[in-house]
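FYI, in my numbering the residues of the sequence shown are -8 to 88.
Even for Gly, the Cβ is constructed at its ideal location relative to N, Cα and C.
Here is the structure we will look at, set down as structure tokens.
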Amino acid sequence: MQTVDGGILAAGVLAPKGFTVNTAGCGINSPKGSRKDLVVIDAGGTASAAGVFTTNRVQAAPVVLSKDHLQTGMARAVVVNSGNANACNGEPGMADA
-8 MQTVDGGILA
2 AGVLAPKGFT
12 VNTAGCGINS
22 PKGSRKDLVV
32 IDAGGTASAA
42 GVFTTNRVQA
52 APVVLSKDHL
62 QTGMARAVVV
72 NSGNANACNG
82 EPGMADA
């Protein structure tokens, strides 16, 4: 498993074979992307996937979209952002998700 800045994580449960991890600064948490606020975990191919989501009646667009994507029980990657809930913003929120 590759970690941030191309380092290698030692083998074990936190380093599944074939997975890679990369980060980026997208400007969500800091101006001009000076702070890393996006993580992409790539399985290197299609892998089994599942999710646990809020049971709240109000669900943000990324929750709705992620539930839909996981209907097959398979995924290739997980994208995680920090600093942006993208909640309660209607159709523009779904488009952004």
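Of the residues the options, the one placed nearest residue i, counting alpha carbons only
i   : options            : result
V70 : G9, C17, P7, K8    : C17
K8  : G35, V30, T14      : G35
T37 : N75, N13, N20, R67 : R67
Q62 : A40, D87, T14, V31 : A40
I32 : A78, N77, N80, N72 : N72
Buried/exposed call for residue i, threshold 16 Cβ in 10 Å
i   : result
D28 : buried
P83 : exposed
P22 : exposed
A51 : buried
Three-way DSSP call (helix, strand, coil) for residue i in this model
i   : result
A86 : helix
* Which parts of the region -5 to 63 are runs of the alpha helix (DSSP H), unbroken and 4 residues or longer, counting only runs that do not cross its ends? -> 52 to 60
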